[in-house]
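Counting from 6, one number per residue, gives the positions in the sequence shown under our numbering. The C-beta atom is built at its ideal place from N, Cα and C for all residues, glycine as well. The structure appears below as structure tokens.
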Amino acid sequence: MTRPYNFSAGPAAIPEEVLQQAAAEMLDWQGSGMSVMEMSHRGPQFESILHQAESDLRELLGIPDDYAVLFMQGGAIAQNAIVPLNLSRGRKADYVVTGSWSQKSQIEARKYCDVHVSASAHDDQGYGVIPDPAAWSIRPDAQYLHICTNETIDGVEFHFVPDSHGVPLVADMSSHILSRRIDVTRYACIYAGAQKNIGPAGLTLVIVRRDLLGHALPHCPSAFDYAIVAANRSMFNTPPTYAIYIAGLVLQWIKRQRYDGLQGLDAVEARNIAKAHLLYDALDASQLFETRVARDCRSRMNVPFHLREPELDAAFLQGAEQAGLLQLKGHKSVGGMRASIYNAMPLEGVQALVAYLQDFERRHG
Ligand SMILES: *Cc1c(COP(=O)(O)O)cnc(C)c1O
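Written out as structure tokens, the structure is:
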């Protein structure tokens with residue numbers, strides 16, 4: 006069976022090898038006679054799955070011991086509340102708004118603390134730039150500064166770590182975690198929903214500096230209190246066991262990757278750079294398609310683009326589907342198209358998309 010290429014923004018494509026391994030192990034995980042779904046989360050088999058996933062994640066991202074890794078539920082949208090509940094102390098928190106997700110984050114945080122927008126990139130075209138960090142107004146007594154390092158809807162990605170002037174930096178990395186190397190030590194807290202680049206929906210990863218724990222607001226639900234989750238090694242409540250298992254298989258898949266003489270996350274990053282170049286070069290060379298995001302913050306993961314003649318949108322999407330290129334419709338708030346090219350999208354998938362773009366333009370341009 007050849008599968009079509011799935012450009013969904015999330016839940017998104019999962020590496021085929023991972024799906025095959027999960028299928029092979031569905032009824033009997035490694036001689037246990039059980040599916041992972043059926044196992045006690047406190048039994049030795051699942052303990053080993055969780056332990057391996059955490060240690061692979063720590064290895065891939067270089068997460069030091071003074072950071073806790075938490076396997077939570079609720080997605081990044083729940084973290085919009087969980088972060089201020091844990092880290093704001095009910096005082097001040099600053100937010101930089103570079104797209105739809107960071108905008109949502111700062112609105113939710115207002116329920117829990119005094120929020121200040123340090124910079125906003127919204128203009129009459131929507132989002133598409135990162136305001137110069139030198140001009141951000143960061144309150145020195147803010148408990149943290151929040152950014153979204155990859156705006157999934159708007160296609161705006163940080164290719165640098167901004168200077169937060171000593172204020173702890175918190176990042177929503179849902180849609181580009183594990184797509185590139187990061188320096189975890191520059192962040193106080195990183196969170197990511199799994200369904201973009203890690204695995205199935207239902208799992209949320211949190212990487213948080215341990216010295217920030219223990220200051221949750223009194224009404225913070227216990228299951229969302231980072232200190233409690235950390236002290237219980239993500240077993241305060243039943244964690245999303247099957248999603249953690251699949252995420253673990255994805256982490257091992259990342260470790261096995263080879264590209265251009267590189268291995269593991271370096272290989273994945275180099276391949277992501279090559280994929281993004283290929284697609285943006287094709288869009289830049291086109292008279293029919295355009296992308297509005299500034300060059301220095303174009304996302305390697307989510308590529309929104311428009312047809313200059315929107316009356317061709319329906320024909321474009323229909324032809325794409327016939328060519329085995331799925332889920333290219335843009336987010337409803339932005340319109341147009343969006344190609345999400347996460348780790349699991351092979352180079353061949355982007356080549357097929359580019360060939361389709363060029364062919365469509367020849368026929369309709
Ligand atoms: C998808 C996404 C979210 C929302 O995730 P949920 O799982 O629906 O809570 C938040 N932030 C970013 C950057 C995302 O890509």
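Selected residue, minimal CA-CA separation from residue i, among the options
{"i": "ALA320", "options": "TYR361, LEU352 and ARG297", "result": "TYR361"}
{"i": "SER239", "options": "GLU113, THR209 and LEU217", "result": "THR209"}
{"i": "HIS282", "options": "THR243, PHE310, VAL355 and VAL213", "result": "VAL355"}
{"i": "VAL211", "options": "PHE51, MET350, GLY324 and GLN78", "result": "GLN78"}
{"i": "GLY253", "options": "VAL172, HIS56 and THR190", "result": "HIS56"}
{"i": "GLN148", "options": "GLY198, ALA221, ARG367 and TRP258", "result": "ALA221"}
{"i": "GLN108", "options": "LEU90, ILE87, GLY95 and TYR132", "result": "TYR132"}
{"i": "GLN262", "options": "ASN277, GLY171, SER53 and ILE249", "result": "ASN277"}
{"i": "PRO167", "options": "SER180, LEU183, THR190 and ILE158", "result": "THR190"}
{"i": "LEU270", "options": "ASN348, SER123 and ILE112", "result": "ASN348"}
{"i": "GLN257", "options": "GLU59, ASP128, GLU156 and MET342", "result": "GLU59"}
{"i": "ILE203", "options": "GLY80, ALA328, SER37 and ALA325", "result": "GLY80"}
{"i": "THR243", "options": "TYR10, SER40, LEU32 and GLY48", "result": "GLY48"}
{"i": "PHE51", "options": "ASP286, THR154 and ALA248", "result": "ALA248"}
{"i": "ALA272", "options": "ARG303, ARG185, LEU330 and ASP289", "result": "ARG185"}
{"i": "ALA325", "options": "GLU316, SER338, ARG313 and MET342", "result": "MET342"}
{"i": "TRP141", "options": "GLY160, HIS121 and TYR192", "result": "HIS121"}
{"i": "ASP70", "options": "LEU358, ARG215, PRO309 and ARG367", "result": "ARG215"}
{"i": "ARG115", "options": "GLY38, ALA98 and ASP188", "result": "ALA98"}
{"i": "GLY335", "options": "ARG8, HIS224 and PHE12", "result": "PHE12"}
{"i": "CYS118", "options": "ASN91, SER125, VAL101 and PRO136", "result": "ASN91"}
{"i": "ARG368", "options": "LEU352, GLY329, LYS337 and LEU317", "result": "LEU317"}
Beta strand (DSSP E) segment containing residue i, residue limits
{"i": "PHE241", "result": "Neither: PHE241 is in no beta strand (DSSP E) and is coded neither H nor E."}
{"i": "THR209", "result": "209-214"}
{"i": "ILE102", "result": "For the record, residue 102 in the displayed sequence is Val; it is not Ile. Element bounds for VAL102: 97-102."}
{"i": "SER345", "result": "342-345"}
{"i": "HIS151", "result": "150-153"}
Distance cut-off 7 Å: residue i Cβ against heavy atoms of ligand 1
{"i": "GLY324", "result": "no"}
{"i": "ALA319", "result": "no"}
{"i": "GLN200", "result": "yes"}
{"i": "SER227", "result": "no"}
{"i": "ASN155", "result": "yes"}
{"i": "ILE112", "result": "no"}
{"i": "SER53", "result": "no"}
{"i": "ASP146", "result": "no"}
{"i": "ILE249", "result": "no"}
{"i": "GLY160", "result": "no"}
{"i": "ALA81", "result": "yes"}
{"i": "TRP258", "result": "no"}
{"i": "ALA287", "result": "no"}
{"i": "SER179", "result": "yes"}
{"i": "ALA206", "result": "yes"}
{"i": "TRP106", "result": "yes"}
{"i": "GLY171", "result": "no"}
{"i": "GLY131", "result": "no"}
{"i": "GLY335", "result": "no"}
{"i": "GLY95", "result": "no"}
Element boundaries [alpha helix (DSSP H), containing residue i]
{"i": "SER110", "result": "105-114"}
{"i": "ALA17", "result": "It is not in any alpha helix (DSSP H) - ALA17 carries neither H nor E in the DSSP assignment."}
{"i": "PHE321", "result": "318-327"}
{"i": "TYR361", "result": "352-369"}
Residues sharing a beta bridge with residue i, DSSP
{"i": "ILE195", "result": "ALA176 and ILE212"}
{"i": "VAL122", "result": "TYR100"}
{"i": "LYS334", "result": "MET342"}
{"i": "TYR10", "result": "LEU330"}
{"i": "ASP128", "result": "GLY131"}
{"i": "VAL161", "result": "GLU156 and ARG303"}
Inset, instruction - Would you mind listing the alpha helix (DSSP H) stretches within the region 32-80 that are 4+ residues and don't spill past its ends, in chain order? - result: Segments of the alpha helix (DSSP H) lying fully in the region 32-80: 49-66.
Legend entry - Runs of alpha helix (DSSP H) wholly within the region 254-326 (minimum 4 residues, chain order): If we require 4 residues or more, the alpha helix (DSSP H) runs fully inside the region 254-326 come out as 269-290.
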